[in-house]
Amino acid sequence: MLGILVIIALAAPILAPHGPETVDADQVLGAPSLIHPFGSDVLGRDVLSRVMFGLRSSLLVALSSVALSCVVAIPLGIVAGYAGGWADTAISRTLDMILVLPALLLAITFIAILGPGSTVAALAIAVIYLPILARVMRASTLVVVRNEYVIGARARGAGHFRTVIGHVAPNALAPVIVQASVLSAFALQLEAGLSFLGLGTQPPTPSLGGMLSDGRDVLTQAPWVEIFPGLAIVVAVLAFTFLGEGLRRAFDPQGVTS
Amino acid sequence: MMNARFAFVVRRVLLTVPVLFVMSVIVFLIIRLVPGDPVRTMLGFRATEANVIEIRSQLGLDQPLVVQYLDFVGGIFRGDLGTDIVSKASLSELLAQRLPVTFELTGLAMILAIAIGVPLGVRAANGGRRIRRLTEGFVILGISIPDFWLGIMLVLVFAATLGIFPPSGYIPFVDDPVQNLRYMALPVLTLAVGEAAYFLRTTRAAVEGVLARPFVGFLRAKGLSERRIVGGHALRNAAPTIITVIGIQVGVLLGGAVIIETLFALPGVGRLIVTAITQRNYPTIQIGVLAIAAIFILVSLVTDLVVGMLDPRVADGAST
Amino acid sequence: MSGVLEIADLSVQFPAQQKPAVDHVSLTLAAGEIFGVVGESGSGKSTVANAILGLLPPSAGITGSVRLGANPTMFAGGPSTSDPRAPRELLGLPERELRAIRGDIVSMIFQDASASLDPTWPVGDQIAETIRAHRSVSRAAARMQAIALMEEVGIPDASSRYGDAPHRLSGGLRQRIVIAAALANDPRVLIADEPTTALDVTIQAQVLQLIRRLRDSHGTTVLFITHDLGVVSEICDRVGVMYGGKLLEVATTTELFSNPQHPYTRALIAASPAGTPRGSRLPVIPATWSVESLTLAEADSGARHTQTQDAAEESST
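Protein chains in written order, with the UniProt record's numbering: chain Z, 1 to 258; chain V, 1 to 320; chain A, 1 to 317.
Set out below in structure tokens:
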């Protein structure tokens, strides 16, 4: 299911029957038809095509934010778990500060400072997930470093850096991947929420949240403008949720992830 | 025993101090971190040289950073939260108008979510396959459907099509309680569904965990009814977990309220913040964020205290 | 022999397993005796205990009969569903009626007392709860009875201990609370599933003494499940030996130790330090003869001895 969504998102320019910004003046708020399977919006734009392109930008923001968060969180988590002591305390306490504010409020605070936009939204979401991912990586590292092959590597004279890169990191990564896929589902919802508030992806770039915001005034006349983008979000969120559950069953039976 | 409890409360309350400090610094820095000149950004095309200087000194931005921070915190303690740059209204008064709306929305949503989620979770924990499957479906959908889209769909069904509830707007409770609740119905329901799913999942897992413990076997051997085992023992043992999750979810609920207030045109703190962001109205953003964060921190404190009081080991002062 | 509890041809089969957990077990408990069931873990002894009170998961396939109070004179009146003290078949009884029996007529205590008590409830209330589940008495009366029971099982300063949470009591006192809760309604049968295993030796001896004393004063019949022959020799009147779901032999405790019939029993006695007479050498079990190597086929034919086994017996005595 996720594969299909990614293909749709990647190939949106090829697959979409119409351009996302192509205005068909005769089809303002047109009901779903053969030409416009999901109907058309207030400017006569094809909803199906816009959903495809919206999915593209929403997935881009969600995935890049989680990826960015992982890139920072993984080294931090490893250092905290492997080194322990003051490094652990410093990293863990600093990251805890992020949790002082409720997640969405933190994202909004970020956007308040840097101004609305998809890049800032991705950055804000990445920051929110930083403590969660780092915590999972730290917990997983703590489990792995107790293993004999890690002690063995040290005993054979491998330095800290080589031990971590060669033995700790690869084995401790699975729970983080599981957590990241679960968080992607939430990132998608967050991005949609921010775009809905007009704080995420900015028009004219189509985004699923933005489409929902645009269509609110015409909800009664043209419900399809609201129904289909929302369904797209739900389907995408479900896809990531199931992926996460599947990965969890495969990689993390002990349940380091939350 | 009283002393141990007292020490626990004092320790937990003191832990809040650094959290409040970090929070106040974050909020304080909002305006100072704006790239370029925040005052010019704020004023936009209205920025005349005189204007900029006036606002800058009004916000104290011409002072050293430490002095600015102390002024900021001092103002909060005196109850002087500054003024709204756009409407020139006193922010304390603005907050006093907006907070009750957010309280009502999140409070009712929380009560509804608990009323739905916890009993269903208990039923699911010791129920048959049918109820387990039904609740599992509710959990997955409840967590996966973005709340604002759910809100739109509820408006489509209950307001636009059936006409039972108004689609958006607000009437103060003191003006007309019945109308107030009619306007609140859809936003509260919207916020509550996702949370109910969370509470259901948490309660189910917690009660299941307790029912798997050996002492439940002894309760059965004593001849107690399943009802008493679940109601008197399992729920009591699962309570700390459930309450902790409820406390955490207050944060999610407050975040959700920002979106839902905007969607349903409720004049709460969340909508205040969103409007302020689009107007680059930094002092108002600061105070709005401050208010919600303070509520969140306070709720976390209360949750931890309640959970601590429920745990006989904590009450005895045993270290964990 | 007047049977307080008669188990006849009891078999239990769990869904995912090949062999039955309990395989055609029959035994009769006489009034007031302490009957030991001894066997290693996995021998099916705990499954028998749980089957009696209907505490096995519904997926378990149970056949045979567990009869409570099958006293011929009482039986003549016919089973009555209204009087819980009437003789009756326990297997297949509806949950409601089983509940009325559990904790009232037949009680059960488990291995780990610390884990048997609800950590959030005052210990005294957990005794009073058993009383109130079966008798319509006031809260205050149940409390008074619970305190009396706490005194009877030897808890010092019972009334001030009533409101304590379980974690404030020592392991031995917690086990005494569990015993008090199990005996609160003066049951006819007490099933004790390894009640002393989790305790250290001194406390273990005290708890065994307590169980014997309560049996003497209340006339309670006790089904005592253990893997420890030393405990058996200390407390039991009669013993049944279980292995691989089968009951291999039943004998009085003295008989079992002096003249064990089954080779497995001999191996068990030989392997147990408590079973060997004082002053003798430690048993030598040849590599060809160990408990693990005993196949079910051998266990079935109890009387068959191989030469190696006999040699082992001789070298160990």
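All C-beta atoms, glycine included, are put in the ideal place defined by N, C-alpha and C.
query	result
Continuous alpha helix (DSSP H) assignments of at least 4 residues falling wholly in the stretch 188 to 270 of chain V	214 to 221, 235 to 263
Minimum length 4: unbroken alpha helix (DSSP H) runs contained in the stretch 183 to 229 of chain Z	208 to 214
N-terminal and C-terminal residue of the alpha helix (DSSP H) that residue 324/A is part of	Since the first residue shown for chain A is 1 and the last is 317, residue 324/A is missing from the structure and cannot be characterised.
Nonlocal neighbours in the same chain, by C-beta distance under 8 Å from Ile-179/A, ignoring five residues either side	Ile-109, Val-153, Pro-195, Val-207, Leu-210, Ile-211, Leu-214
Short Cβ contact (8 Å threshold) for Pro-260/A with Ile-269/A	yes
Alpha carbon of Ala-7/V to alpha carbon of Leu-14/V, nearest angstrom	10 Å
At least three beta-carbon pairs within less than 8 Å, the stretch 234 to 244 of chain V to the stretch 295 to 310 of chain V	yes
Inter-residue CB distance, Ile-7/A and Asp-237/A (contact presumed, cutoff 8 Å)	Contact doesn't hold; Cβ gap of about 17 Å is too wide.
Backbone CA spacing between Arg-171/Z and Thr-89/Z [nearest angstrom]	First, the residue type needs correcting, since residue 171/Z is Asn and not Arg in the sequence shown. Taking the straight line from one Cα to the other gives about 23 Å.
Thr-196/A (DSSP reduced to helix, strand or coil)	coil
Below-8 Å beta-carbon distance, His-227/A vs any chain V residue	no
Beta-carbon proximity of Thr-265/V to Tyr-170/V, cut-off 8 Å	Rather than Thr, the amino acid found at residue 265/V in this sequence is Ala. Yes, the pair counts as a contact, with Cβ atoms nearer than the cut-off.
Within chain A, partners of Leu-224/V - CB distance below 9 Å	Arg-99, Arg-102, Gly-103, Glu-129, Thr-130, Ala-133
Any non-hydrogen atom of the ligand ZN within 7 Å of Gly-36/V CB	Here there are no bound small molecules, and the ligand ZN is not part of this structure.
For Glu-152/A, the first and last residue of its enclosing alpha helix (DSSP H)	139 to 152
Beta carbon proximity, Phe-8/V to chain A, threshold 8 Å	no
Touching by the beta-carbon criterion (3+ pairs, under 8 Å), the stretch 215 to 228 of chain A and the stretch 34 to 47 of chain A	yes
Any chain A beta carbon closer than 8 Å to Asn-237/V	yes
With 16 other Cβ atoms within 10 Å as the buried cut-off, status of Lys-19/A	exposed
Close-in-space but distant-in-sequence residues of the same chain around Arg-162/Z (CB under 8 Å, 5 per side omitted)	Ala-153
Spatial distance of Gln-17/A from Gly-244/A (CA atoms)	13 Å
Buried versus exposed call for His-160/Z [16 or more other C-beta atoms within 10 Å across all chains shown]	exposed
N-terminal and C-terminal residue of the alpha helix (DSSP H) that Thr-83/V is part of	Where Thr-83/V is concerned, there is no enclosing alpha helix (DSSP H), given that its DSSP letter is neither H nor E.
Assumed close pair Ile-78/Z, Val-164/Z - CB separation to whole angstroms, cut-off 8 Å	6 Å
Secondary structure of Val-250/A, DSSP reduced to three states	strand
Residue(s) in a DSSP beta bridge with Ala-30/A	Gly-3/A
C-beta atoms of Arg-280/V and Thr-48/V nearer than 8 Å	no
Chain V within 8 Å of Leu-199/Z, Cβ atoms only	yes
Own chain, CB closer than 8 Å to Ile-277/V, minus 5 neighbours either side, in chain order	Ile-285
Helix, strand or coil at Arg-102/A [DSSP, three-state]	strand
Element boundaries [beta strand (DSSP E), containing Arg-67/A]	61 to 68
Neighbour list for Ala-115/A in chain V, Cβ cutoff strictly below 8 Å	Arg-213, Pro-214, Phe-215
For Glu-129/A, the residue or residues it bridges with in DSSP	Note: Glu-129/A sits in no beta bridge, so no partner.
Residues near Glu-249/A by beta carbon distance below 8 Å, same chain, minus five either side	Gly-240, Val-241, Leu-256, Pro-260, Gln-261, His-262, Thr-265, Gly-302
Chain-order list of residues whose beta-carbon lies under 8 Å from that of Leu-95/Z (same chain, five-residue window excluded)	Leu-76, Leu-130, Pro-131, Ala-134, Arg-135
Candidates Thr-135/V, Ile-273/V, Ile-116/V, His-233/V: closest to Glu-195/V by CA position	Ile-116/V
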